[in-house]
Amino acid sequence: MKINKYEGYDLDALIEEAKRELGNDIKILSYEVEDERGIFPFKKRKKYTLFVEVPTAQEGFLDILSKEEKNEEIDRFLEKIEKMIDKKIESLKLNQTILPTPPHNENQQIPISEEFNEFTGDALDLINLLLKKDVEPKIAKILVKEACGLDIDTNKFDLNTSFFKEAIIKGVQKKIRFTGPLKIQKGGLKVKAFVGPTGVGKTTNLFKIASELVINQKLKVAVISIDTFKVGAIQQARAYANILNIPFFAVTDSKNLRKTLSSMSNIDIVLIDTVGRSHYDYWRLGEMKEILGGGNDLMDISLVISCNYKNSEAIEIVNRYRTFFPINSIFFTKIDETYKPGILVNLPIKTEIPVSFISTGQRVPEDLRLLNPERVANYLIGE
Ligand SMILES: Nc1nc2c(ncn2[C@@H]2O[C@H](COP(=O)(O)OP(=O)(O)OP(=O)(O)O)[C@@H](O)[C@H]2O)c(=O)[nH]1
Ligand SMILES: [Mg+2]
Numbered sequence: 328m329k330i331n332k333y334e335g336y337d338l339d340a341l342i343e344e345a346k347r348e349l350g351n352d353i354k355i356l357s358y359e360v361e362d363e364r365g366i367f368p369f370k371k372r373k374k375y376t377l378f379v380e381v382p383t384a385q386e387g388f389l390d391i392l393s394k395e396e397k398n399e400e401i402d403r404f405l406e407k408i409e410k411m412i413d414k415k416i417e418s419l420k421l422n423q424t425i426l427p428t429p430p431h432n433e434n435q436q437i438p439i440s441e442e443f444n445e446f447t448g449d450a451l452d453l454i455n456l457l458l459k460k461d462v463e464p465k466i467a468k469i470l471v472k473e474a475c476g477l478d479i480d481t482n483k484f485d486l487n488t489s490f491f492k493e494a495i496i497k498g499v500q501k502k503i504r505f506t507g508p509l510k511i512q513k514g515g516l517k518v519k520a521f522v523g524p525t526g527v528g529k530t531t532n533l534f535k536i537a538s539e540l541v542i543n544q545k546l547k548v549a550v551i552s553i554d555t556f557k558v559g560a561i562q563q564a565r566a567y568a569n570i571l572n573i574p575f576f577a578v579t580d581s582k583n584l585r586k587t588l589s590s591m592s593n594i595d596i597v598l599i600d601t602v603g604r605s606h607y608d609y610w611r612l613g614e615m616k617e618i619l620g621g622g623n624d625l626m627d628i629s630l631v632i633s634c635n636y637k638n639s640e641a642i643e644i645v646n647r648y649r650t651f652f653p654i655n656s657i658f659f660t661k662i663d664e665t666y667k668p669g670i671l672v673n674l675p676i677k678t679e680i681p682v683s684f685i686s687t688g689q690r691v692p693e694d695l696r697l698l699n700p701e702r703v704a705n706y707l708i709g710e
């Protein structure tokens, strides 16, 4: 705490001086009075010393944002204040009988539908924004409600924060589970398989993860490709493995997978790449299930889903895949190919499967991020 000291003979004047410097809401901590004798001992004067707290800028939500984010949040905030002032002016005009017809406020938010009747004010604005990003109405309600309180005037839900990003973070934190970073112990063999439809980015992103583990975490990584019929697919994976200088194996059946895994005595993690399978191709999914069954109990399965899938399609993929594999996490890709990323919240909330990473482009290894509530909120807000 910083304290300013003011000295003088007129206490009121000192308070005025402090207000001029620090603003009207000064906090006086204490003051001292001292009798000061001049040349004539009988002529005493009172000398005051005033101690005032210097207000410090509080660290609020804005302080953790970048400059651009701050500007956007401030713009949004100012827009809301403008709307409030407009509403106030209109209601004042309404009270003046000279106005022949009730004024129409163009800025007023039109309620989106009956479905959102229980919400009001900023909460409705946020729901509107989420719907534009392809968040399903039911999911938008679930998320927004987490950041709401009951407005006493209207008896409806309204946001208890002025910041949309903060509100989304609250909802996401409550409703979505995040795997967090990969936790791999040196010497304890872990096996992670990537499954999913064709072309979603399984191989590319498996090698982004492998690069992080080899280069930054100095772990011993091996890659097994279960890519039995697609011409050229194994070559792509083998080329990446060569660049990283890590062991690479191609297997075609469960017996071979089991054998290969049991030979990995000094490897920390084995990443398994699989061939893309249509979620309608039960025969090939069954084949893959049978091969992966050769993996040990340590196997963790990630379902890779592209963000440019339609919501209904993505749900269908998860539901069909999970009848074959115990899916531990969803790994999103191609966020750079959509500006409506509602899938990021729709899918994990509806399926209750935790989310792990997000791929942001084609570059290996740079275009990969760990998912967390703040990142999900950024994508939804459009940053
Ligand atoms: N724009 C964009 N492209 C990506 C992303 N991730 C992967 N890709 C590209 O998507 C294409 C397919 O990637 P792969 O890694 O081969 O996909 P896959 O799932 O292994 O495909 P299959 O093995 O055929 O099932 C490649 O051109 C990748 O560079 C991403 O986040 N954004
Ligand atoms: Mg592949």
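Note that the sequence shown covers residues 328 to 710 in my numbering.
Beta carbons: idealized from backbone N, C-alpha and C, even for Gly.
Note that the coordinates shown come from a computational prediction; the quantities given were computed from them, not determined experimentally.
Contacts around residue i, its chain only, beta-carbon distance under 7 Å, and the 5 residues preceding and following it disregarded
i    : result
E406 : none
V696 : According to the sequence as given, residue 696 is Arg; it is not Val. Excluding sequence neighbours, R696 sits near F684, I685, T687, R702.
P653 : I628
E741 : Absent from the model: residue 741. The displayed extent of the chain is 328 to 710, so no value can be given.
I596 : I511, K517, K519, L540, L546, V548
A345 : N331, Y333, I353, L377, V379
M328 : E380
T587 : I551, F576, V578
N699 : F505
N638 : D461, E463, G669, I670, N673
A467 : I454, L457, L458
I496 : P700, E701, A704
F388 : Residue placement at F388 is poorly supported in this model, since its pLDDT is 46, which falls under 50; the coordinates are not used for a value here.
N487 : A474, C475, G476
heavy atom of ligand 3 below 6 Å from residue i C-beta
i    : result
T530 : For the structure depicted, ligand 3 is absent and the ligand set comprises only ligand 1 and ligand 2.
Other residues of its chain near residue i: CB distance less than 8 Å, five sequence neighbours each side excluded
i    : result
Q689 : T531
I469 : G498, K502, I676
K529 : F521, V522, G523, D600, T601, G603, V631
N543 : none
E348 : N331
D478 : T447, G448, F484, D485
F404 : S489, F490
T428 : Only weak support is given to the placement of T428: the predicted model assigns it a pLDDT of 40, under 50, and the value that follows is read from those uncertain coordinates. Cβ within range, chain order: n/a, list empty.
Identity of the residue in the options nearest residue i by Cα
i    : options                : result
E399 : F490, N638, I469       : F490
A568 : S538, M591, T587, I342 : S538
R647 : L707, R611, L671, P681 : R611
Y383 : A641, G350, K410, M591 : This sequence places Thr at residue 383; Tyr is not what is there. Ranking A641, G350, K410, M591 by Cα distance to T383 puts G350 first.
V645 : G335, H606, I495       : H606
K513 : T525, M591, A641, V471 : M591
P681 : G335, A704, Q500       : Q500
S633 : E614, K667, G613       : K667
E679 : R649, K661, L338, T525 : R649
G515 : I594, T488, I479       : I594
G613 : L571, K465, V471, F651 : F651
K465 : D480, T481, E441       : E441
T660 : N572, T525, I573, D608 : T525
V527 : Y636, N572, I570       : Y636
T665 : I412, D608, K472, G709 : G709
Within-7 Å CB hit, residue i to chain D
i    : result
I632 : Among the protein chains of the structure shown there is no chain D, as only one such chain exists.
Chain-order list of residues whose beta-carbon lies under 6 Å from that of residue i (same chain, five-residue window excluded)
i    : result
G448 : D485
S357 : F378
L625 : K517, V518
L598 : K519, L533, A537, V550
E363 : R372, K374
D663 : T687, G688
I355 : V379
K535 : V691, P692, L695
L707 : K460, I495
L285 : The chain is shown only over 328 to 710; residue 285 falls outside these bounds and no answer can be derived.
E361 : K374
Stretch pair the region 497 to 509 + the region 575 to 584: three plus CB contacts closer than 8 Å: Under the 8 Å Cβ criterion, the region 497 to 509 does not count as touching the region 575 to 584, having fewer than three qualifying pairs.
Inside the region 564 to 647 only - alpha helix (DSSP H) runs reaching at least 4 residues: 581 to 589, 609 to 619
4 or more residues per run - each alpha helix (DSSP H) lying fully within the region 466 to 533: 491 to 502
Meets three-Cβ-pair contact criterion under 8 Å: the region 655 to 663 and the region 604 to 622: no
Completely contained beta strand (DSSP E) runs for the region 338 to 368, where each covers 3 or more residues: 354 to 364
Start-end ranges of the alpha helix (DSSP H) lying completely within the region 644 to 697, minimum 4 residues: 670 to 678
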